[in-house]
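S.K.:
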Amino acid sequence: MLKKRLTIWAALIGALGLASCGGDPVEQASKDACACLKPLYEKVDAVMGAMKKGDMSALESMRHDMEGNKVCFDKLKAKYPEIDKDKELQQKVSARIEEMCPAPKVLNMGR
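The sequence shown begins at 8 in this note's numbering and counts up one residue at a time.
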(Lines of atoms letter the chains of each structure in order from A and count residues from 1; the text may use other names and numbers.)
(Lines give C-alpha, C1' and ligand atoms only; values in the text may rest on other atoms or scores of the structure.)
Protein backbone atom coordinates (compact mmCIF):
# COMPACT_ATOMS: atom_id res chain seq x y z
CA MET A 1 0.00 0.00 0.00
CA LEU A 2 2.81 2.41 0.87
CA LYS A 3 4.70 1.59 -2.31
CA LYS A 4 1.52 2.07 -4.31
CA ARG A 5 0.90 5.51 -2.81
CA LEU A 6 4.47 6.66 -3.35
CA THR A 7 4.39 5.34 -6.90
CA ILE A 8 1.13 7.17 -7.52
CA TRP A 9 2.64 10.37 -6.14
CA ALA A 10 5.74 9.99 -8.27
CA ALA A 11 3.53 9.39 -11.30
CA LEU A 12 1.50 12.44 -10.37
CA ILE A 13 4.65 14.52 -10.46
CA GLY A 14 5.36 13.06 -13.87
CA ALA A 15 1.92 14.21 -14.94
CA LEU A 16 2.38 17.80 -13.82
CA GLY A 17 2.96 20.75 -16.15
CA LEU A 18 6.31 22.38 -16.81
CA ALA A 19 5.36 25.70 -18.39
CA SER A 20 5.75 28.00 -15.42
CA CYS A 21 9.31 27.32 -14.31
CA GLY A 22 12.53 28.94 -15.44
CA GLY A 23 15.63 27.12 -16.66
CA ASP A 24 15.35 23.49 -17.63
CA PRO A 25 11.75 22.60 -16.76
CA VAL A 26 12.47 18.88 -16.48
CA GLU A 27 15.28 19.52 -14.03
CA GLN A 28 13.28 22.00 -11.96
CA ALA A 29 10.15 19.84 -11.81
CA SER A 30 12.29 16.87 -10.80
CA LYS A 31 14.00 18.85 -8.03
CA ASP A 32 10.63 20.03 -6.76
CA ALA A 33 9.28 16.47 -6.80
CA CYS A 34 12.31 15.20 -4.89
CA ALA A 35 11.77 17.90 -2.28
CA CYS A 36 8.26 16.51 -1.78
CA LEU A 37 9.43 12.90 -1.74
CA LYS A 38 12.42 13.30 0.60
CA PRO A 39 10.45 13.48 3.87
CA LEU A 40 8.35 10.48 2.82
CA TYR A 41 11.37 8.41 1.89
CA GLU A 42 13.05 9.25 5.19
CA LYS A 43 9.91 8.24 7.03
CA VAL A 44 9.79 4.89 5.19
CA ASP A 45 13.12 3.88 6.72
CA ALA A 46 11.92 4.83 10.21
CA VAL A 47 8.62 3.01 9.77
CA MET A 48 10.29 -0.15 8.51
CA GLY A 49 12.63 -0.13 11.50
CA ALA A 50 9.71 0.30 13.89
CA MET A 51 7.72 -2.46 12.22
CA LYS A 52 10.66 -4.85 12.53
CA LYS A 53 10.46 -4.20 16.27
CA GLY A 54 6.72 -4.90 16.24
CA ASP A 55 5.57 -1.27 16.45
CA MET A 56 2.67 -1.19 14.02
CA SER A 57 1.59 2.27 15.18
CA ALA A 58 4.33 3.59 12.90
CA LEU A 59 2.11 2.70 9.93
CA GLU A 60 -0.60 5.04 11.16
CA SER A 61 1.96 7.79 11.59
CA MET A 62 3.19 7.22 8.03
CA ARG A 63 -0.35 7.38 6.67
CA HIS A 64 -0.88 10.70 8.41
CA ASP A 65 2.41 12.07 7.07
CA MET A 66 1.53 10.96 3.53
CA GLU A 67 -1.81 12.71 3.68
CA GLY A 68 -0.15 15.88 4.93
CA ASN A 69 2.50 15.67 2.22
CA LYS A 70 -0.21 15.73 -0.44
CA VAL A 71 -0.21 19.54 -0.07
CA CYS A 72 3.32 19.62 -1.47
CA PHE A 73 2.27 17.70 -4.56
CA ASP A 74 -0.84 19.83 -5.00
CA LYS A 75 1.40 22.89 -5.13
CA LEU A 76 3.53 21.24 -7.80
CA LYS A 77 0.44 20.47 -9.83
CA ALA A 78 -0.43 24.18 -9.78
CA LYS A 79 3.15 25.19 -10.59
CA TYR A 80 3.49 22.89 -13.63
CA PRO A 81 0.09 22.81 -15.40
CA GLU A 82 1.17 21.82 -18.92
CA ILE A 83 3.10 18.56 -18.74
CA ASP A 84 0.04 16.35 -19.05
CA LYS A 85 -0.08 17.48 -22.67
CA ASP A 86 3.41 16.16 -23.40
CA LYS A 87 4.09 12.45 -22.82
CA GLU A 88 7.78 12.85 -23.65
CA LEU A 89 8.24 15.43 -20.88
CA GLN A 90 6.34 13.19 -18.48
CA GLN A 91 8.79 10.39 -19.20
CA LYS A 92 11.79 12.69 -18.81
CA VAL A 93 10.58 14.00 -15.47
CA SER A 94 9.85 10.49 -14.18
CA ALA A 95 13.26 9.24 -15.27
CA ARG A 96 15.02 12.22 -13.72
CA ILE A 97 13.15 11.72 -10.44
CA GLU A 98 14.39 8.12 -10.36
CA GLU A 99 17.96 9.36 -10.87
CA MET A 100 17.83 12.25 -8.41
CA CYS A 101 15.90 10.67 -5.56
CA PRO A 102 15.34 6.96 -6.03
CA ALA A 103 12.79 5.30 -3.80
CA PRO A 104 14.11 3.41 -0.78
CA LYS A 105 15.10 -0.16 -1.64
CA VAL A 106 12.27 -1.58 0.42
CA LEU A 107 9.81 0.08 -1.99
CA ASN A 108 11.56 -1.33 -5.06
CA MET A 109 11.42 -4.97 -4.00
CA GLY A 110 8.67 -5.79 -6.49
CA ARG A 111 10.47 -4.29 -9.48
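Glycine included, C-beta positions come from ideal geometry on N, C-alpha and C.
Can you check whether the CB of TYR87 is closer than 9 Å to the CB of ASP31?
M.R.: Position 24 of the sequence shown, counted from the start, is the residue given in the question as residue 31. Position 80 of the sequence shown, counted from the start, is the residue given in the question as residue 87. Contact flag unset, no.
S.K.: With a 10 Å radius around its C-beta and 16 neighbouring C-beta atoms as the bar for buried, classify ARG103 as buried or exposed.
M.R.: Counting from 1 along the sequence shown, the entry for residue 103 is found at position 96. ARG103 should be labelled buried.
S.K.: Flag this pair as yes or no: are the beta carbons of ALA65 and ALA53 separated by less than 9 Å?
M.R.: The residue given as residue 65 occupies position 58 in the sequence shown. The residue given as residue 53 occupies position 46 in the sequence shown. Result yes, Cβ atoms of ALA65 and ALA53 sit closer than 9 Å.
S.K.: Between which two residues does the alpha helix (DSSP H) containing LYS84 stretch?
M.R.: To locate residue 84, count along the sequence shown from 1; it is residue 77. Where LYS84 is concerned, the enclosing alpha helix (DSSP H) stretches over 64–86.
S.K.: Where TYR48 and LEU96 are concerned, what is the direct C-alpha to C-alpha distance, given to the nearest angstrom?
M.R.: As a position in the sequence shown, residue 48 is number 41, starting the count at 1. As a position in the sequence shown, residue 96 is number 89, starting the count at 1. If you take the alpha carbons of TYR48 and LEU96, they lie about 24 Å apart.
S.K.: Pop quiz: CYS108 and LYS45 are said to be a contact at Cβ under 8 Å. What is the actual Cβ separation, rounded to whole angstroms?
M.R.: What you label residue 108 is simply residue 101 of the sequence shown in a count that begins at 1. What you label residue 45 is simply residue 38 of the sequence shown in a count that begins at 1. Indeed they touch by this definition, with Cβ atoms about 6 Å apart.
S.K.: If you reduce the DSSP assignment to three classes, tell me which class ALA110 lands in.
M.R.: In the sequence shown, residue 110 corresponds to position 103, counting from 1. Three-state result, ALA110: coil.
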